[in-house]
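Here's the structure, in structure tokens; my notes come after.
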Amino acid sequence: MIQAKDLDPQELSALLHFYADSGVEWLLEDAPIDRVAEFAAQKVAREQARASQPAPQQRPDRQQPARAAAATQPLNPPPVAMPNVDAVAAAQRAADSASSLAELKAVIESFDSCNLKNGARSTVFASGDPAARIMVIGPMPNADDDRDGLPFSGRTGQLLDRMLAAIGLSREAVLLTNIIPWRPPGNRMPSPAETAICKPFIDRQIALTEPDHVLLLGNFPARFFFGESGTIHSLRGEWREVTVGGRSVRALATLHPQDLLGAPATKALAWRDLLMFSQAITRG
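Numbering (full-length UniProt numbering), first residue to last: 1 to 284.
The following block contains the structure:
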């Protein structure tokens with residue numbers, strides 16, 4: 001059995017990322033637990049409980065099929081999402097109905113036509129200063145964001161705070177948001193259908209905020225806004241004009257803080273992008 005102490009930093013980082021992608025959030029309990037002994041004890045208890053129960057009387061039960069069918073139904077079934085085309089249209093109508101960020105937040109929280117919402121703990125909406133005219137857009141909430149209900153929580157948020165502070169900004173002085181407002185199960189990538197359903201909401205956020213400069217973090221936002229399939233390494237470091245809701249916005253892509261945590265050597269690339277972003281917002 002390979003132990004953590006036998007792994008070099010790169011191997012350990014890759015293993016932890018694998019666990020995170022698989023949905024594992026906690027590796028240790030507060031106290032050691034013998035799971036094998038626990039399972040064996042549970043098995044013995046179940047067998048003893050079955051042995052102590054009287055044998056059921058065999059008689060016809062006309063209601064048995066109905067009872068069996070009712071038992072298979074969940075007590076609180078999640079809302080059934082409508083077909084994708086209808087869901088996209090419903091999202092567009094809902095987004096268009098919002099005339100402020102507060103209204104848009106309420107609209108997204110009450111929207112039930114995206115399956116991602118069924119598996120998420122929180123609807124993660126934008127935070128920060130919408131009047132700053134600076135937006136920082138990530139891909140989707142992670143486990144920390146989903147738990148706290150805020151974008152860029154946990155370690156990635158702490159690193160983003162340091163990145164912004166390095167160019168004289170803070171999370172209170174920009175508007176932080178994600179393209180997808182609900183965490184996908186196991187931190188998987190959202191499907192094209194799920195992305196299409198969520199698109200009207202991020203488009204409306206941008207239309208209401210009217211930012212002058214947008215910083216895109218990671219592969220997914222860069223591909224989403226630039227309409228290209230390259231990696232962040234080919235899409236970063238260059239100002240692009242993107243059109244949202246008939247309005248042209250300047251956008252710069254760089255590496256996501258999670259990328260930097262997994263590969264610290266790429267921080268030099270992100271630093272160059274941040275300097276470029278800082279120079280642009282200074283010039284106005």
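Backbone N, C-alpha and C fix where the C-beta goes; we use that ideal spot for every residue, glycine too. Since we're looking at a predicted model, the values are computed, not measured.
Member of Leu216, Cys114, Thr282, Gly186 whose CA lies at the smallest distance from the CA of Met135
The residue labelled residue 135 in the question sits at position 135 within the sequence shown. The shortest Cα separation from Met135 among Leu216, Cys114, Thr282, Gly186 belongs to Leu216.
To the nearest angstrom, how far is the alpha carbon of Gly157 from that of Gly168?
Start at 1 with the first residue of the sequence shown, and residue 157 comes out as number 157. Start at 1 with the first residue of the sequence shown, and residue 168 comes out as number 168. Pairing Gly157 with Gly168, the inter-Cα distance amounts to about 16 Å.
Among residues of its own chain, excluding the 5 on either side of Leu116, which ones have a beta-carbon nearer than 6 Å to its beta-carbon?
Working through the sequence shown from its first residue, we reach residue 116 at position 116. The residues Trp182, Pro184, Glu194, in chain order, have a CB closer than 6 Å to that of Leu116 in the same chain once the five nearest residues on each side in sequence are set aside.
Local Cβ density within 10 Å of Ser113, reported as buried at 16 or more and exposed below that:
For this step, residue 113 is matched to residue 113 along the sequence shown. Ser113 should be labelled buried.
Would you mind stating whether Ala207 and Arg247 have Cβ atoms separated by less than 8 Å?
Residue numbering aside, residue 207 sits at position 207 when the sequence shown is read from its first letter. Residue numbering aside, residue 247 sits at position 247 when the sequence shown is read from its first letter. Yes, Cβ-Cβ distance for Ala207 and Arg247 is below 8 Å.
Once the 5 residues before and after Phe220 are set aside, which same chain residues still bring their CB inside 6 Å of it?
Residue mapping note: residue 220 aligns to position 220 of the sequence shown, counting from 1. Counting only Cβ-Cβ distances below 6 Å, and skipping sequence neighbours, we find Pro139.
Under 8 Å, with one C-beta from each stretch per pair, do the region 142-150 and the region 200-214 reach the 3-pair mark?
The region 200-214 and the region 142-150 do not touch, with fewer than three beta-carbon pairs separated by less than 8 Å.
Which class does Ile137 belong to by DSSP, given the choice of helix, strand or coil?
Against the sequence shown, residue 137 aligns to sequence position 137. Strand at Ile137.
Would you kindly report the start and end of the unbroken alpha helix (DSSP H) that includes Asn219?
Residue mapping note: residue 219 aligns to position 219 of the sequence shown, counting from 1. That run of the alpha helix (DSSP H) goes 219-226.
Cross-strand partners of Gly128 (DSSP beta bridge)
Along the sequence shown, one-based indexing puts residue 128 at 128. Answer is Leu175, bridged to Gly128.
Measuring CA to CA, which of Arg171, Ala166, Ala196, Gly186 is closest to Ile180?
Within the sequence shown, residue 180 is the residue found at index 180, counting from 1. Considering only alpha carbons, the answer is Ala196.
Just tell me which of Ala102, Ala90, Gly284 has its CA closest to the CA of Val249.
Against the sequence shown, residue 249 aligns to sequence position 249. Comparing Cα positions, the closest option is Gly284.
What does the Cβ neighbour count give for His256, buried or exposed, with the cut at 16 atoms within 10 Å?
On the sequence shown, position 256 is the one that residue 256 refers to. By the 10 Å Cβ count, His256 comes out buried.
As assigned by DSSP and simplified to three states, the class of Arg236:
Mapped onto the sequence shown, residue 236 falls at position 236. If DSSP states are grouped into helix, strand and coil, Arg236 belongs with coil.
Measuring CA to CA, which of Pro264, Pro9, Ser52, Phe201 is closest to Phe125?
Counting from one through the sequence shown, the residue named residue 125 turns up at place 125. Considering only alpha carbons, the answer is Phe201.
In whole angstroms, what separates the C-alpha of Ser97 from that of Ala40?
Position 97 of the sequence shown, counting from 1, holds the residue named residue 97. Position 40 of the sequence shown, counting from 1, holds the residue named residue 40. Rounded to the nearest angstrom, the two C-alpha atoms are 57 Å apart.
Please confirm whether Ala253 and Leu235 have their CB atoms less than 8 Å apart.
Residue numbering aside, residue 253 sits at position 253 when the sequence shown is read from its first letter. Residue numbering aside, residue 235 sits at position 235 when the sequence shown is read from its first letter. Judged by their CB atoms, Ala253 and Leu235 are nearer to each other than the 8 Å cut-off.
Does the distance from the CB of Pro130 to the CB of Leu101 come in under 8 Å?
Taking the first residue of the sequence shown as 1, we reach residue 130 at position 130. Taking the first residue of the sequence shown as 1, we reach residue 101 at position 101. Yes, the Cβ-Cβ distance between Pro130 and Leu101 is below 8 Å.
If I follow the unbroken beta strand (DSSP E) through Leu274, where does it start and stop?
Mapped onto the sequence shown, residue 274 falls at position 274. Secondary structure note for Leu274: it is in no beta strand (DSSP E), and the uninterrupted alpha helix (DSSP H) holding it is 267-283.
Leaving out the 5 sequence neighbours to the left and right, which residues in its chain are closer than 7 Å to Thr266 when beta-carbon positions are compared?
Along the sequence shown, read from residue 1 onward, the residue named residue 266 stands at position 266. Short of 7 Å from the beta carbon of Thr266, and not among the five residues preceding or following it, lie these beta carbons of its own chain, in chain order: Leu255, Asp259, Leu260.
Can you tell me the Cβ-Cβ gap for Gly128 and Leu176, rounded? I've got them flagged as a contact below 8 Å.
By one-based count along the sequence shown, residue 128 stands at place 128. By one-based count along the sequence shown, residue 176 stands at place 176. The Cβ separation is near 5 Å, so the contact holds.
Backbone CA spacing between Arg188 and Pro141 [nearest angstrom]:
Counting from 1 along the sequence shown, the entry for residue 188 is found at position 188. Counting from 1 along the sequence shown, the entry for residue 141 is found at position 141. The alpha-carbon of Arg188 is positioned some 11 Å away from that of Pro141.
Does DSSP put Thr231 in a helix, a strand or coil?
Against the sequence shown, residue 231 aligns to sequence position 231. Thr231 falls in the coil class under three-state DSSP.
State the beta-bridge partners of residue 285 as determined by DSSP.
Shown here, the chain extends from 1 to 284; a query on residue 285 therefore has no answer.
Once you ignore the five residues that flank Glu228 on each side, which residues in its own chain have a CB closer than 6 Å to its CB?
As a working mapping, residue 228 is identified with position 228 in the sequence shown. In the same chain as Glu228, and ignoring 5 residues on each side of it, no C-beta atom comes closer than 6 Å to its own.
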